[in-house]
Amino acid sequence: MTLHPQSRSERDPETHRAISYRTTGSGHGAIVRLMSPSDLGHLIKPFVFLDLFEGESSFIKGMPMHPHSGIATVTVITEGNLRFEDADSGTGMIDYGGVEWMRAGGGVWHGKEMSPGTSKRIQGFQLWIALPPALENASVDSQYLESGAMPEAGPARVILGAYQGVQSPVRAPDGMNYLLVTLRAGESWSYVPPKDHESLWLSVSRGTLAAPGLVDAGEMAIFEPGNDAVTLTALQQDAVFVIGSATPHPYELALGNYSVHTNPQALRAGEEKIAEIGVRLREYLRQPNDSASVPVFR
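So the mapping is simple: this note's numbering equals the position in the sequence shown, first residue as 1, plus 334.
Structure follows, in structure tokens:
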């Protein structure tokens with residue numbers, strides 16, 4: 335991954351919230367890794383990981399079962415649709431603005447609850463949230479929310495948190511906002527973060543934003559810490575992007591292969607739980623099963 339710090343000479347002297355880093359990430363197939371816990375994640379935690387995925391919807395079939403602990407994942411669809419199937423939540427379709435929320439907590443294996451829907455192509459973001467100590471080894475909590483369940487505040491879908499009096503139905507920890515925004519060509523919109531939300535970033539999936547420096551599709555931009563608003567303008571075409579702000583996560587990041595915790599002891603507990611669940615999963619997969627899907631293992 336190549337990070338591009340923005341020099342002060344490149345910054346607009348009239349803006350109060352300058353971009354400090356930008357990246358186009360590193361691609362592998364249909365997925366571009368824009369942020370990992372070991373690079374930009376430590377700058378804007380609790381946001382610690384971001385993938386932009388785009389391609390033939392059939393690529394989702396190749397996603398393997400994999401574990402997590404200590405984090406929550408939130409998947410947002412920006413184009414096309416995916417089908418979900420879960421023993422606790424039933425089945426349905428997630429399209430633009432729809433959300434899969436998975437609080438891994440103390441340990442979970444997943445990866446087969448989503449499958450291609452009716453669209454040939456799919457695009458969206460997967461974000462990881464570092465959980466606070468009270469939740470990092472807690473029980474698993476998952477939600478599948480179709481687009482009609484996600485509230486709007488102007489041009490924004492409120493994915494996590496609350497904005498302009500609109501509360502997301504996602505059961506996320508307090509202290510963070512995550513919005514999906516579509517602006518028409520030439521349209522401007524200002525995001526005013528809560529006063530304690532010093533971390534601020536955005537990533538564009540379609541179009542180009544003036545922020546006031548240009549942020550193109552496929553790029554992630556991190557703003558300098560602070561509390562000031564940002565005004566964003568879509569240029570010659572419609573722009574679709576996600577923007578997140580949060581109270582900074584005050585803990586160090588203890589990193590495993592699929593886990594992020596606040597300390598080595600919590601990480602060890604999460605990895606031990608993952609290993610125990612993995613034994614049960616492998617036993618399940620060895621048995622004949624009439625269902626084509628594999629449930630979430632927790």
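Virtual Cβ for every residue (Gly too), placed ideally from N, Cα, C.
Asked                                                                                                                                                : Found
Got a sec? Which residues, its chain only, sit under 6 Å from Val-382 by beta carbon, not counting five neighbours each side?                        : Pro-371, Gly-375, Trp-462, Ala-464, Val-594
Counting only runs that start and end within the segment 575-620, where is the alpha helix (DSSP H) found for 4 or more residues in a row?           : 598-620
When DSSP labels each residue in this structure, what does Glu-344 get in the three-state scheme?                                                    : At Glu-344 the pLDDT is 41, less than 50, meaning the model places this residue with poor confidence and gives no usable figure here.
At the level of alpha carbons, what is the spacing between Val-474 and Val-442?                                                                      : 7 Å
When you compare only the Cα positions, how much space is there between Leu-619 and Ala-609?                                                         : 15 Å
Could you please give the first and the last residue of the uninterrupted beta strand (DSSP E) stretch that includes Gly-361?                        : 360-362
Ordered along the chain, which non-local residues of its own chain (more than five positions away) have a Cβ less than 7 Å from that of Gly-458?     : Phe-387, Thr-409, Val-410, Ile-411, Thr-412
Taking the alpha-carbon positions, what's the Leu-513 to Ala-472 distance?                                                                           : 26 Å
As a quick exercise: from Glu-605, Gly-552, Lys-395, pick the residue whose alpha carbon is nearest that of Gly-361.                                 : Gly-552
For a test of the three-state rule: what should DSSP assign to Gly-458, helix, strand or coil?                                                       : strand
Nearest-angstrom Cα distance between Asn-561 and Arg-616?                                                                                            : 48 Å
Given a cut-off of 9 Å on the beta-carbon distance, is the pair Ser-449 and Leu-416 in contact?                                                      : yes
Tell me the DSSP secondary structure of Ala-573 in three-state form.                                                                                 : strand
Under the DSSP definition of a beta bridge, which residues are partnered with Asp-420?                                                               : Gly-424
Using beta-carbon positions only, say whether Ser-537 and Met-554 come within less than 9 Å of one another.                                          : yes
I believe Tyr-478 touches Ile-428 by the beta-carbon criterion, under 8 Å. Please report the beta-carbon distance rounded to the nearest angstrom.   : 7 Å
Rounded to whole angstroms, what is the Cα-Cα separation between Leu-589 and Lys-395?                                                                : 27 Å
Considering just the uninterrupted stretch of the beta strand (DSSP E) at Leu-384, what are its terminal residues?                                   : 381-390
Apart from the five residues on each side of it in sequence, which residues of its chain come closer than 6 Å, Cβ to Cβ, to Ile-365?                 : Asp-385, Phe-387
Taking the alpha helix (DSSP H) that Ile-378 falls in, what are its first and last residues?                                                         : 375-378
Within the present structure, is the beta-carbon of Ala-483 separated from the nearest heavy atom of the ligand GTP by less than 8 Å?                : The ligand GTP is absent from the structure shown, which contains no ligand whatsoever.
Taking DSSP as the reference, what is the three-state secondary structure of Thr-349?                                                                : Note that Thr-349 scores 46 on pLDDT, short of 50, meaning its location in the model is unreliable; the coordinates nonetheless yield the value given after this. Coil, per DSSP.
Using the three-state DSSP reduction, which class does Ser-403 fall into: helix, strand or coil?                                                     : strand
Which term fits Thr-425, buried or exposed, when burial requires 16 or more other beta carbons within 10 angstroms of its beta carbon?               : exposed
If you run the structure through DSSP and keep just helix, strand and coil, what is Ser-453?                                                         : coil
My output table needs one value for Ala-464: the three-state DSSP class, helix, strand or coil.                                                      : strand
Assuming Val-500 and Ala-483 form a contact by the criterion Cβ under 8 Å, report the distance between their Cβ atoms to the nearest whole angstrom. : Their Cβ separation, rounded to whole angstroms, is 13 Å, which puts Val-500 and Ala-483 out of contact at 8 Å.
Hey, quick one: how far does the beta strand (DSSP E) through Tyr-646 stretch, first residue to last?                                                : For the chain, the structure presents residues 335 to 632; residue 646 sits outside this window and is missing.
Roughly how many angstroms lie between the CA atoms of Trp-523 and Leu-517, to the nearest whole one?                                                : 8 Å
Return the bridge partner residues of Thr-409 from the DSSP annotation.                                                                              : Glu-434, Gln-460
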